[in-house]
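J.: Taken in order, these protein sequences are the chains called V and L.
The numbering used here numbers the first residue of the first sequence as -1 and each following residue consecutively.
The numbering used here numbers the first residue of the second sequence as -1 and each following residue consecutively.
We put the beta carbon where it would ideally sit given N, CA and C, even for glycine.
Number of protein chains: 2
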Amino acid sequence: MPAPASFSNYIDTHAEAFIKRLGESVAIKSISSDARRRQDVITMGNWLNSQLNELGVETKLMDLGTHEMQGADAATPTSYHRASGERSDEEDGAGVWTLRRTACESFIAVFGITVLSLGNQALKTDGWKTDPFTLVVEEDSGRLIGRGSTDDKGPIMGWLNVIEAHKNLGIAMPVNMRFCFEGMEENGSEGLDECIQEEVKKGKEGWFDGVDCVCISDNYWLNTRTPALTYGLRGIAYFSINITGPGQDLHSGLFGRTVHEPMTDLIKLMGKLVDHNGAILIPGIDDMIPPHDEEELKLYQKMDYTIDDIEEAAGGKVALSSDKATVLMGRMRQAIPFPARDSGCILRDVKHWNFEAAKKAIEAVYKKTPDYTREGGSIPVTLTFAESLGVNVLLLPMGRADDGAHSTNEKLDRSNFIEGTKVLGTYLYEVGAAA
Amino acid sequence: MPAPASFSNYIDTHAEAFIKRLGESVAIKSISSDARRRQDVITMGNWLNSQLNELGVETKLMDLGTHEMQGADAATPTSYHRASGERSDEEDGAGVWTLRRTACESFIAVFGITVLSLGNQALKTDGWKTDPFTLVVEEDSGRLIGRGSTDDKGPIMGWLNVIEAHKNLGIAMPVNMRFCFEGMEENGSEGLDECIQEEVKKGKEGWFDGVDCVCISDNYWLNTRTPALTYGLRGIAYFSINITGPGQDLHSGLFGRTVHEPMTDLIKLMGKLVDHNGAILIPGIDDMIPPHDEEELKLYQKMDYTIDDIEEAAGGKVALSSDKATVLMGRMRQAIPFPARDSGCILRDVKHWNFEAAKKAIEAVYKKTPDYTREGGSIPVTLTFAESLGVNVLLLPMGRADDGAHSTNEKLDRSNFIEGTKVLGTYLYEVGAAA
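(1) Return the residue from the list K322(L), S48(L), S28(L), P172(L) that minimises the CA-CA distance to G430(L).
(2) Counting only C-beta atoms, is A434(V) closer than 9 Å to chain L at any point?
(3) Mind checking E373(L): buried by the 16 CB within 10 Å criterion, or exposed?
(4) Leaving out five residues before and five after N352(L) in sequence, what residues of the same chain have Cβ atoms less than 6 Å from its Cβ?
(5) Label D306(V) either buried or exposed according to how many other C-beta atoms from any shown protein chain fall within 10 Å of its C-beta, with 16 as the threshold for buried.
(6) Which runs of the alpha helix (DSSP H), 4 residues or longer, sit entirely within the stretch 238 to 274 of chain V?
(7) Could you pull out every residue in the same chain whose Cβ sits closer than 6 Å to the Cβ of H164(V), ignoring the five residues on either side in sequence?
(8) Could you tell me whether the stretch 233 to 251 of chain V touches the stretch 308 to 326 of chain V, using the rule of 3 or more Cβ pairs below 8 Å?
(9) Taking T406(V) and G125(V) to be in contact with their CB atoms under 8 Å, please state how far apart those CB atoms are, rounded to whole angstroms.
(10) Using a threshold of 9 Å, state whether the C-beta atoms of L50(V) and T41(V) are closer than that.
(11) In terms of residue numbering, what span does the alpha helix (DSSP H) encompassing M42(V) cover?
(12) Based on Cα-Cα distance, which residue from Q332(L), E183(L), K127(L) lies nearest to S445(L)?
(13) Determine whether the beta carbon atoms of D369(V) and N240(V) lie at a separation below 9 Å.
(14) Does the pairing of the stretch 259 to 270 of chain L with the stretch 419 to 429 of chain L give three or more beta-carbon distances under 8 Å?
(15) Can you name, in chain order, every residue of its own chain whose Cβ lies under 7 Å from the Cβ of R35(V), other than the five neighbours on each side?
(16) With DSSP as the reference, please indicate the residues paired to Y8(V) in a beta bridge.
(17) Check the Cβ of K27(L) against every Cβ in chain V and list those closer than 8 Å, keeping chain order.
(18) Counting only beta-carbon separations shorter than 9 Å, does H249(L) have a partner in chain V?
(19) Since V325(L) meets chain V, which of its residues come closer than 7 Å, beta carbon to beta carbon?
(20) So E310(V) and D400(V) are supposed to be a Cβ contact under 8 Å. How far apart are they, rounded?
(21) Quick one: which chain L residues come within Cβ less than 8 Å of R329(V)?
(22) In terms of residues, what are the limits of the alpha helix (DSSP H) holding K316(V)?
(23) Quick check on A73(L) - is its C-beta less than 9 Å from some C-beta in chain V?
(24) What separation, rounded to the nearest whole angstrom, lies between the Cα atoms of E188(V) and F383(V)?
(25) So which residues on chain V does M268(L) lean against when the C-beta distance must stay under 8 Å?
(26) Could you give the DSSP three-state label for G230(V): helix, strand or coil?
(27) Using the DSSP secondary-structure output, state which residues sit across from V440(L) in a beta bridge.
(28) For chain V, is any of its Cβ atoms less than 9 Å away from the one on Y236(L)?
(29) Considering Cα atoms alone, identify which of D321(V), G168(V), C193(V), I169(V) is closest to C178(V).
(30) Under a three-way DSSP split, which group does R176(L) fall into?
(31) Buried or exposed: E293(L), going by 16 or more other Cβ atoms within 10 Å of its Cβ?
(32) Between S405(V) and chain L, is the shortest Cβ-Cβ distance under 9 Å, so that the two count as touching?
(33) I need the DSSP call for E373(L), collapsed to helix, strand or coil.
(34) Suppose you measure from the CA of G156(V) to the CA of G397(V); what does that come to, to the nearest Å?
(35) In chain order, what residues of the same chain lie with their CB nearer than 8 Å to the CB of I416(L), ignoring the 5 residues before and after it?
(36) Going by DSSP in three states, K365(V) sits in which element: helix, strand or coil?
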């Protein structure tokens, strides 16, 4: 079931306004990794909340508790909020645009994460060519450059664009939706898992009651040409090494070469964790990863992907191998792909109607068959939703491989923003038809 | 020639006032490693300058130019000053106390470095038990605790104490003196070498004309019991490794295990620089160090020093060897003891009258024979003076091995401050007699 032509037209004719809104969101310096910017993260949540309210979305702000970071900065605001929205399922009335319950009763939850770049790449001196918090529209290249443009303000604005189009066109949303937005994903989203699990426990009274599938738009195409659907994630395993030694800081001149120094031993140990080809040398790590079979290997070989793609995106001749499948496996299956917990949860069934719907949407908008990818980014909430709700979780990326997420001069291509918005809307229609 | 009894009495009876002045200097947050504290370093120089002027010392503030640090903080004040003082060599007159030229015409230059701890150990959260910038007098232990107490405000105050005693007692200084104080030693003292060399070039008109020996008080005893005289320093050789790779910051999830990462290679390389026993593995480094002979070995074996001493000072069972001579050689001769430049300049002749004078002073005050040590700290100006002036340079430490220079809870023992002041004064009398 394709989206109505009026929807697609609306998106095209309102592109400038959409970019303006994206610019407003980029201007909020919600750097989750910087404790001094905590208030900006809260501001970002409140701004998003009011945007949703203006579009007729009911919201509830959740207190996720405190999140202490960076020791001495604990005096900065440490509480943050989750903005969650739902469309009322009442019929239209009194001129208020509300969500129409669809025949199939399916619900979809969309979890856009209001994520910003890691680290402190916010200064021009770090390599930004323009002010990171001013969205710059590069007319000739079509790039929308600004911190958080692609990770993850652009995709979130995509959902707002979809809702706005329906509201202003006076047409019903094809499915009911629940949203969940949260602003500290790059710093562990402390409290979010517990909050979601609490809501799930509430059953019929809970925020996520009736959700039939999940869609998260927080990752990237494999290259700069072909849209992708992502069905697997590798996770992150944190290990820590504590090395003890002297009881205090020591003067290097007085103690150097007379005592064992923890830094020396730490460097020695760290030098043994990874070999030059990127293989992790910690015993047992690779045993956690199921071996690939011939079929999986063929998947990698078929993907629209070259060594040039990765090196172009990385900005250097740095690929670990000249073999495409080896590099792709490094990204998609090596390291820690959660199999120890529940491989079924994280490697989603790509034949599920949720994926089929997204595939149809991509084919309708881009006239291309998507790459089916597994992704390096962990996005831990993926697993939380998969396990808590027991439904299919789709990752539907908006941006390209070279967007520079977490880096300087982060960008989202204008066409990805606009066509990507169309994909999101069309996807909802396909879900409504399929579920 | 011992110091007059009135001198020693003055030091004892004015100890509280001396500690108060040390407290005033500690209260100035002159952290040379923090660009935001540059103004405090200048304040420290100005405070010292006015103290010297009040004691009748003529001074000249030198502009050493700018010293940029920490990129974005370049807007902070970047010029600093050297406070240099000399006593006028006029006879007493009109009630003004001035320096009397001694018969032997010897001059001594004292180069106390207004050094503060490296790094940012200025916060209580870093492990300080008390406010680092408030000198705390621990009555039972006799410790004077405060940042910079021992490195190097205490020793500098020692010289002020000596001058004050002579001024207020109305007795002549036993020798003429030139001072040189500078506040950025922990950060390279940019501009100081050039400034000194300029003065030396001026000959008779220069600040250091007539200087016969040098005394620097900026290091420590080898243990907590025995005063030391230091006749050698090892230096610091800076090496840098540049590893290039991707053209920008990369998202670990997207690129991890697909590209060569500079950090991985850097860790691997750094892991090969030093072995577990602290030996430097860079080819050729050890060839720069002349081998020791039996006589030198005996020196180490005779020193009043045990493995317990170093482990007590370091606060942990961390000695690289259980052999005392091995550990002492690690501290005193390994690494980079400047031999490539001029080993004669840095390993001073301990039979020189300058050292003999200090030895007699220590014996007079402490009733102990000093350890003759070679030191780990680089104190680069040592070499500058040795080479520029061509005179003997003595390092006469005031503090103990466990003072915690550069570390948290830095302290100077009250007895080291007071008896150390007596040593400095007595040393001047011995120099006057010997030279």
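T.: Looking at the atomic coordinates:
(1) Comparing Cα-Cα distances from G430(L) to each of K322(L), S48(L), S28(L), P172(L), the minimum goes to P172(L).
(2) Coverage of chain V is limited to positions -1 through 433, which leaves residue 434(V) absent and any answer about it impossible.
(3) Note on E373(L): 16 or more other CB atoms within 10 angstroms of its CB, so buried under the neighbour-count rule.
(4) Excluding residues within five positions, the ones whose Cβ falls inside 6 Å are C211, N390, L392.
(5) With fewer than 16 other Cβ atoms within 10 Å, it is exposed.
(6) Counting only runs that start and end inside the stretch 238 to 274 of chain V, the alpha helix (DSSP H) elements of at least 4 residues fall at 250 to 253, 260 to 268.
(7) For H164(V), where only same-chain residues beyond five positions count, the Cβ hits under 6 Å are M171.
(8) Result no; under three Cβ-Cβ pairs closer than 8 Å.
(9) The beta carbons of T406(V) and G125(V) sit about 4 Å from each other, so the pair counts as a contact at 8 Å.
(10) One thing to note: L50(V) has its Cβ no nearer than 9 Å to the Cβ of T41(V).
(11) 36 to 52 is the span of the alpha helix (DSSP H), which, as asked, contains M42(V).
(12) One cannot answer for residue 445(L) here, as it falls past the ends of chain L, which runs -1 to 433.
(13) No.
(14) The answer is no - the stretch 419 to 429 of chain L does not touch the stretch 259 to 270 of chain L, with fewer than three Cβ pairs under 8 Å.
(15) Cβ neighbours of R35(V) beyond the five flanking positions: K27, S28, I29.
(16) Paired residue(s): none; Y8(V) is not in a bridge.
(17) None at all; the shortest Cβ gap to chain V is about 16 Å.
(18) Residue-level contact check: H249(L) touches chain V, since one or more beta carbons of chain V fall below 9 Å from its beta carbon.
(19) The contacting residues are T256.
(20) By a beta-carbon distance limit of 8 Å, E310(V) contacts D400(V). Their separation comes to about 6 Å.
(21) The CB of R329(V) comes closer than 8 Å to the CB of L252, F253, G254, R255, T256 in chain L, given here in chain order.
(22) The question names Lys, but residue 316(V) in the sequence shown is Val. It is not in any alpha helix (DSSP H) - V316(V) carries neither H nor E in the DSSP assignment.
(23) Reliability fails at A73(L), whose pLDDT of 31 lies under 50, so the model's placement of it is uncertain and no value is given.
(24) Roughly 15 Å separates the two Cα atoms.
(25) Correct list: I265, G269.
(26) Of the three classes helix, strand and coil, the one that applies to G230(V) here is strand, per DSSP.
(27) Outside the shown range of chain L, which is -1 to 433, sits residue 440(L), and nothing can be said about it.
(28) By this cut-off, Y236(L) is not an interface position.
(29) Closest option to C178(V), Cα to Cα, is C193(V).
(30) For R176(L), the secondary structure class from DSSP, reduced to helix, strand or coil, is strand.
(31) Per the 10 Å Cβ criterion, exposed.
(32) S405(V) counts as touching chain L.
(33) Residue state, collapsed to three classes: strand.
(34) Taking the straight line joining both Cα atoms gives about 11 Å.
(35) Counting only Cβ-Cβ distances below 8 Å, and skipping sequence neighbours, we find I9, D10, A13, F16.
(36) The DSSP-derived three-state label of K365(V) is coil.
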